[in-house]
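Reviewing the structure listed below.
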Amino acid sequence: MNSFRKYKVQRGETIEVIATKIGIPAVEARAFHNKYCELSDLVEFGLPIRRTEYILLPPLASETDLQLSDNNTPKKVILGNNNSLRLIAANGLKQEHGTIIRFKENNRLLNKVHFTSQITFLEINNDFSIVEYHVNQVYVNEKEPEMVVEQLADATSKALYPIVLSLNKNGQIHEILNIEAIQKRWELLKPSILQYYNGGNVITQLITSFERSIQSAPLLKRNLEEHPFYTIYFAPIYQDYTSDFSFSSNDNNLEIFQDINEFQTKTSKILLSRKGITKPKSNLVETALIHEDLNNNISKNSKFNLEQAAFEIGKLDDGMHHNMEFNYKLNHSNNTIFSIEGFINTRNDNNTITTIEFETYEKVHKKEQKEIINPVSEEMDWSSEIINEKVVKKRSFWDEFWGN
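Heads up: the sequence shown is residues 111 to 514, going by the working numbering.
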């Protein structure tokens, strides 16, 4: 972080206030800071910044999507034959991502999970990409797991990773290739885990469940596909798109619409949006005619409606069981994932909607950058590495109390 120009956060300031002082859009300031900062320093819109000491500032020629590059002419996205989008990562390519998952009920935060992970692209075998994936320490509500159930899940994950996956041409998990290695790691870990947790019905059930899931590669694949991270990160976004760069599917009660922005971002990213809805299964007493008419209407209008839909966190229309909306940014050179932002809403009952909010960003190594020009405030020393440092006073009791 020391190589960045930084802004010293003052008590009560939001990212919007800081962005106004700097003279850049708040969206851009937050995007740049969250891209390069530690996971513990991520900031949100509209909330006082309490635990983050410095905001990382974008220089004039930064790699944020909203700033100008040397060439101001937008570059068109070029897809493959039949407008196909495919993973074309070189063998040995390694990427690191930081991920935050928030679990909410009726817009009330229940738990927040964050972790870093690495993915290595080992080879391309026909239409399949072979990757090795590894998850590092998982934190729950900013802490290492404290509850026994969480601790046990963390302990068993040591056997699960690294996991070697075969991805199909659409980007979904096709097969787990190192199930034997996972089973061997578990056999080595199991005695120490049993000794540490000393049995009990809950522990026994959890261990039995994990052992059942790694009995075979298909069972483990099925288990992973129930986890929100894997369904989002390994979503089937790599498809054959239409001439207008869109894709839609209607599989049983699941409708999907995806589209790709015609132009790359200023930093050569491909923008891809993915929306989806599911509806409850049809009532068996519905007449065949009504059922047929309903399906025909959905078939004719689902693409248009889903394309125009603007979903909100914590909200579901009547008759809808799930909705989701995600924005993917892909590296244009190989179509690998740079970032994902979005959410899934699920109706549990008439009074309860659960939401999973998801953010993941690729770790970017800072390059030599130009400096910010035309700052708004002339009262600060813009030539210093830490801006606003000179107005910082000695930390008071209330600073400590509020965590500033």
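Idealized CB from N, CA, C, for every residue including glycine. Given the structure is predicted, the values throughout are model-derived calculations rather than measurements.
Use the C-beta contact count for Q349: other C-beta atoms within 10 angstroms, 16 or more gives buried, fewer gives exposed. buried
Consult DSSP for Q418 and reduce its assignment to one of helix, strand or coil. Q418: helix per DSSP, three-state reduction.
Does the distance from the CB of M379 to the CB of G208 come in under 8 Å? Sequence check: residue 379 is Lys here, not Met. In this structure, G208 does not lie closer than 8 Å to K379 by Cβ.
With distances taken Cα to Cα, identify the nearest neighbour of V137 among V248, G156, L149, Q120. G156
With 16 other Cβ atoms within 10 Å as the buried cut-off, status of A345: buried
I need the boundaries of the beta strand (DSSP E) containing H143, first residue and last residue. Counting along the chain, H143 falls outside any beta strand (DSSP E), though it belongs to the alpha helix (DSSP H) covering 136-146.
Measure the CB-CB distance between I210 and I342 and report whether it falls below 8 Å. no
Beta bridge counterpart(s) of K214 as assigned by DSSP: L219, T465
Every unbroken beta strand (DSSP E) inside the region 246-277 [3 residues or more]: 273-277
Would DSSP call N311 helix, strand or coil? helix
Where L299 sits in the DSSP three-state scheme: helix
Count the other CB atoms, across all protein chains shown, that sit within 10 Å of the CB of I188; report buried if there are 16 or more and exposed otherwise. With fewer than 16 other Cβ atoms within 10 Å, it is exposed.
At least three beta-carbon pairs within less than 8 Å, the region 415-430 to the region 453-472: By the Cβ test, the region 415-430 is in contact with the region 453-472, since at least three Cβ pairs between them sit closer than 8 Å.
So, at 6 Å on beta carbons, what are the nonlocal neighbours of A199 in its own chain, with the 5 sequence-adjacent residues on each side left out? For A199, where only same-chain residues beyond five positions count, the Cβ hits under 6 Å are F231, N444, T446.
With DSSP as the reference, identify every bridge partner of H224, one or two as the case may be. I210, Y249
Considering only DSSP beta bridges, list what F357 is partnered with. Note: F357 sits in a beta bridge opposite Q368.
Under the assumption that Y164 contacts K116 (Cβ atoms under 8 Å), give the Cβ distance between them as a whole number of angstroms. 4 Å
Using the C-alpha atoms, what's the distance from K268 back to G281? Distance between the alpha carbons of G281 and K268 is about 25 Å.
Run through the DSSP bridge pairs and tell me what I347 is partnered with. The partner list for I347 (beta bridge, DSSP) is empty, contrary to what the question assumes.
Evaluate R457 with the Cβ neighbour count: other Cβ atoms within 10 Å of its Cβ, from every protein chain shown; 16 or more gives buried, anything less gives exposed. Buried.
Own chain, CB closer than 7 Å to H143, minus 5 neighbours either side, in chain order: Around H143: V153, I165, L166.
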